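Enquirer: Below are the structure tokens for one structure; questions will follow.
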Amino acid sequence: MDFALTEEQTAIFDVAHAFGQSEIAPHAREWEAAGTIPKDLWPKVGELGFASLYVSEEARGAGLSRLDATLVFEALSMACPSVAAFLSIHNMCAKMLDSFADDDLKARVMPDVLSMNTVLSYCLTEPGSGSDAAALRTRAERTNEGYVLNGTKAFISGGGYSDAYVCMVRTGEDGPKGVSTVYVEDGTEGLSFGGLEDKMGWKSQPTAQVQFDNCNIPSGNLVGEEGSGFKYAMMGLDGGRLNIAACSLGAAQTAIDATLAYMGERKAFGQPIDQFQGLQFRLADMEIELQAARTFLRQAAWKLDNGAPDATKFCAMAKKFVTEAGSKVVDQCLQLHGGYGYLADYGIEKLVRDLRVHQILEGTNEIMRVIVARDMLKNR
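Numbers in the numbering used here are just positions in the sequence shown, counted from 1, shifted up by 18.
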């Protein structure tokens with residue numbers, strides 16, 4: 019068993035890290051204050067292949083593994099977890115289109131998706147269906163030309179900002195078998211958006227409801243087969259859970275690095291505070307937890323890449339463990355900064371706010387426990 023990254027994987031991490039530090043980190047606070055990410059960032063991301071991380075090479079994507087992708091998101095989140103997580107959403111949508119859309123739809127939309135001239139949002143959650151995603155009520159009724167959509171999606175990252183929306187809608191019976199996936203372009207008549215949500219963290223991501231009011235789309239905008247949309251959505255979530263865990267990991271690493279530097283400079287009682295044994299114990303505990311989280315995440319990604327039968331269970335376990343570890347670490351880093359950690363200038367309080375939502379989205383950590391327990395009971 020080899021735990022070392024390959025030369026190629028190290029290079030992938032280094033490229034992503036360098037890009038994040040030069041193009042994202044210097045602007046993270048400014049973008050948070052503005053409540054948006056400049057659109058001209060995304061074509062630069064596309065040039066690196068980071069808009070098509072696991073789109074097949076045959077389709078002109080990067081064709082990376084899920085483990086490779088976690089390295090990209092860990093590295094980018096060291097600059098800003100909000101921006102990195104938004105890119106994860108685009109990649110999840112791009113993979114769904116590459117895997118399930120027909121050739122005509124792919125020919126029409128994928129070139130701009132891969133270059134990130136088209137930014138994608140993922141629309142599953144609704145005001146009345148969060149963890150119980152299969153209870154979604156947004157309907158797509160058949161017409162002679164395609165479908166007419168009515169309903170509302172909630173908590174959509176990129177709502178009113180993105181160029182297209184990959185939406186799970188109900189085309190048939192209640193439950194998961196009645197759900198299909200459709201592609202809705204910005205500017206489509208009947209598509210509108212709620213006001214921007216005022217969030218605790220992830221403030222640089224515009225987040226809003228996506229509303230459909232007799233919104234007509236052509237039949238060619240159906241992604242894959244009718245009735246398979248819920249399956250497509252769930253297949254994307256294993257990788258999404260790994261990515262969001264990687265975002266927690268990278269942000270927590272940045273917090274530890276900043277804390278180590280601060281503790282070497284800050285003096286109390288005549289010596290740097292990193293010389294107090296009690297505080298050294300805290301540093302050691304954070305390092306142990308973060309290294310365990312990194313190993314667990316990469317094991318889960320390896321299982322997903324290799325089609326292991328317990329891959330979904332491991333993705334759920336890693337998501338739960340790593341996101342909670344990340345939040346615990348950044349909170350401890352804030353404490354070790356004392357009052358300065360509470361100030362925006364030091365960057366730690368932003369990480370505390372940004373990482374909190376990672377325990378909620380891509381399936382709450384309570385749902386992660388449900389997945390794990392059901393697997394254990396099924397296989398006893």
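Idealized CB from N, CA, C, for every residue including glycine. Being a predicted model, the structure only gives us computed values, none of them experimental.
Would you kindly report the start and end of the unbroken beta strand (DSSP E) that includes P236?
Expert: Your numbering for residue 236 matches position 218 in the sequence shown. It spans T225 to P236 - the beta strand (DSSP E) in which P236 sits, taken as one unbroken run.
Enquirer: Cutting at 8 Å between CB atoms, please list the residues of its own chain near G402, excluding the five before and the five after it.
Expert: The shown model of the chain, from 19 to 398, leaves out residue 402, and the question about it has no answer.
Enquirer: Does the beta-carbon of F314 have 16 or more other beta-carbons within 10 angstroms, so that it is buried, or is it exposed?
Expert: On the sequence shown, residue 314 is found 296 positions in, with the first residue counted as 1. By the neighbour-count rule (16 or more Cβ atoms within 10 Å), F314 is buried.
Enquirer: From M304, L209 and S40, pick the residue whose C-alpha is nearest to that of D275; which is it?
Expert: One-based indexing of the sequence shown puts residue 275 at position 257. D275 has its Cα closest to that of M304, out of M304, L209 and S40.
Enquirer: Could you give the first and the last residue of the continuous beta strand (DSSP E) run that contains L214?
Expert: Locating residue 214 in the sequence shown gives position 196, where the first residue counts as 1. Per DSSP, L214 belongs to no beta strand (DSSP E) and is neither H nor E.
Enquirer: So, does the segment 145–162 touch the segment 85–99, judging by three or more C-beta pairs under 8 Å?
Expert: No: fewer than three Cβ pairs fall under 8 Å.
Enquirer: With a threshold of 8 Å on Cβ separation, who are the neighbours of L66 within its own chain once the five nearest residues in sequence on each side are excluded?
Expert: Taking the first residue of the sequence shown as 1, we reach residue 66 at position 48. If we look at L66 and ignore the five residues flanking it on each side, its Cβ neighbours are V33, A34 and F37.
Enquirer: Terminal residues of the continuous beta strand (DSSP E) containing L167?
Expert: For this step, residue 167 is matched to residue 149 along the sequence shown. Its beta strand (DSSP E) spans residues G164 to S175.
Enquirer: Using 8 Å as the cut-off, can you tell me whether the segment 362–382 makes contact with the segment 332–352, which would need three or more C-beta pairs spanning the two stretches below that distance?
Expert: Contact between the segment 362–382 and the segment 332–352 is present, because at least three Cβ pairs lie under 8 Å.
Enquirer: Report buried or exposed for E75, applying the criterion of at least 16 other Cβ atoms within 10 angstroms of its Cβ.
Expert: Position 57 of the sequence shown holds residue 75. With fewer than 16 Cβ atoms within 10 Å of its Cβ, E75 is classed as exposed.
Enquirer: Jot down the residue ranges of each uninterrupted beta strand (DSSP E) in the segment 109–162, minimum 3 residues, whole runs only, in chain order.
Expert: Listed in chain order, they are 138–141 and 157–160.
Enquirer: In chain order, what residues of the same chain lie with their CB nearer than 7 Å to the CB of C333, ignoring the 5 residues before and after it?
Expert: Here residue 333 refers to the residue found at position 315 of the sequence shown. Taken in chain order, the residues that qualify are D256, R259, L260, A318 and L322.
Enquirer: Just how far apart, CA to CA, sit P44 and G238?
Expert: Here the question's residue 44 lines up with position 26 in the sequence shown. Here the question's residue 238 lines up with position 220 in the sequence shown. One C-alpha to the other measures close to 42 Å.
Enquirer: Going by CA-CA distance only, name the one from L167, K171 and F173 that's closest to T206.
Expert: Within the sequence shown, numbered from 1, the residue matching residue 206 stands at position 188. Nearest C-alpha to T206: L167.
Enquirer: In angstroms, rounded to a whole number, what distance separates the CA positions of E342 and I262?
Expert: Counting from 1 along the sequence shown, the entry for residue 342 is found at position 324. Counting from 1 along the sequence shown, the entry for residue 262 is found at position 244. Their Cα atoms are separated by approximately 11 Å.
Enquirer: Let me check understanding here. Comparing Cα to Cα, which of M96, R312, E41 and S147 lies closest to A273?
Expert: On the sequence shown, position 255 is the one that residue 273 refers to. For A273, the nearest C-alpha among the options comes from M96.
Enquirer: For T22, which of helix, strand or coil comes out of DSSP?
Expert: Here the question's residue 22 lines up with position 4 in the sequence shown. Here residue 22 is Ala; the residue named in the question, Thr, does not match the sequence. Coil at A22, not helix or strand.
Enquirer: Taking C-alpha atoms, which residue in P327, A172, F230 and D116 lies nearest to S149?
Expert: Numbered from 1 along the sequence shown, position 131 holds the residue referred to as residue 149. Measuring from the Cα of S149, the nearest candidate turns out to be A172.
Enquirer: Just the C-alpha distance for S133 and Q309, rounded to the nearest angstrom, thanks.
Expert: Here residue 133 is taken as the residue at index 115 of the sequence shown, counted from 1. Here residue 309 is taken as the residue at index 291 of the sequence shown, counted from 1. Using only the alpha carbons, I get a separation of about 34 Å.
Enquirer: With distances taken Cα to Cα, identify the nearest neighbour of L301 among P290, R316, G288 and M281.
Expert: Stepping through the sequence shown from its first residue, residue 301 is reached at position 283. Nearest C-alpha to L301: M281.
Enquirer: What does DSSP give as the partner residues of K62 in its beta bridges?
Expert: Taking the first residue of the sequence shown as 1, we reach residue 62 at position 44. Answer is none; K62 lacks a bridge partner.
Enquirer: In angstroms with no decimal places, state the Cα-to-Cα distance between F294 and S246.
Expert: As a first step, residue 294 must be located in the sequence shown, where it is residue number 276. As a first step, residue 246 must be located in the sequence shown, where it is residue number 228. Roughly 58 Å separates the two Cα atoms.
Enquirer: From R387, G357 and I235, pick the residue whose C-alpha is nearest to that of L123; which is it?
Expert: Numbered from 1 along the sequence shown, position 105 holds the residue referred to as residue 123. The option with the nearest alpha carbon to L123 is I235.
Enquirer: DSSP three-state call for R188: helix, strand or coil?
Expert: Here residue 188 refers to the residue found at position 170 when the sequence shown is read from its first residue. R188: strand per DSSP, three-state reduction.
Enquirer: Pick from V347, V228, I385 and L361: whose alpha carbon is nearest that of K331?
Expert: Numbered from its first residue, the sequence shown carries residue 331 at position 313. Closest option to K331, Cα to Cα, is I385.
Enquirer: Counting along the chain, where does the alpha helix (DSSP H) carrying S345 start and finish?
Expert: Your numbering for residue 345 matches position 327 in the sequence shown. Segment A329 to H355, the alpha helix (DSSP H) holding S345.
Enquirer: Give the secondary structure of S210 by DSSP, where H, G and I count as helix, E and B as strand, and everything else as coil.
Expert: In the sequence shown, the residue the question calls residue 210 occupies position 192. Strand.
Enquirer: Just to confirm before moving on: does the CB-CB distance between P145 and Y179 stay below 8 Å?
Expert: One-based indexing of the sequence shown puts residue 145 at position 127. One-based indexing of the sequence shown puts residue 179 at position 161. No, the Cβ-Cβ distance between P145 and Y179 is not below 8 Å.
Enquirer: Can you check which of these residues, R316, R398 and N397, is closest to L23 by C-alpha distance?
Expert: Within the sequence shown, the letter at position 5 stands for residue 23. If we check each option's Cα against that of L23, R316 comes out closest.
Enquirer: Here's the rule: buried if 16 or more other CB atoms are within 10 angstroms of the residue's CB, otherwise exposed. What is R84?
Expert: Mapped onto the sequence shown, residue 84 falls at position 66. The residue in question, R84, is buried, as its Cβ has 16 or more Cβ neighbours within 10 Å.
Enquirer: What's the gap between the Cα of L71 and the Cα of L82?
Expert: Position 53 of the sequence shown, counted from the start, is the residue given in the question as residue 71. Position 64 of the sequence shown, counted from the start, is the residue given in the question as residue 82. Going by the C-alpha atoms only, they are around 6 Å apart.
Enquirer: May I ask which residues mark the beginning and end of the beta strand (DSSP E) holding T199?
Expert: Locating residue 199 in the sequence shown gives position 181, where the first residue counts as 1. Run containing T199: V197 to E203, per the beta strand (DSSP E) assignment.
Enquirer: Within the continuous alpha helix (DSSP H) that includes R78, where are the two ends?
Expert: In the sequence shown, the residue the question calls residue 78 occupies position 60. Element bounds for R78: n/a, residue is neither H nor E.
Enquirer: Measure the alpha-carbon distance for L59 versus S106 and round it to whole angstroms.
Expert: Numbered from its first residue, the sequence shown carries residue 59 at position 41. Numbered from its first residue, the sequence shown carries residue 106 at position 88. Their Cα atoms are separated by approximately 15 Å.
Enquirer: So what does DSSP say about A69, is it helix, strand or coil?
Expert: One-based indexing of the sequence shown puts residue 69 at position 51. It is coil, neither helix nor strand.
Enquirer: For T13, which of N109, A182, M218 and G242 has the nearest alpha-carbon?
Expert: The structure shown does not extend to residue 13, since the chain is modelled only from 19 to 398, so the question has no answer here.
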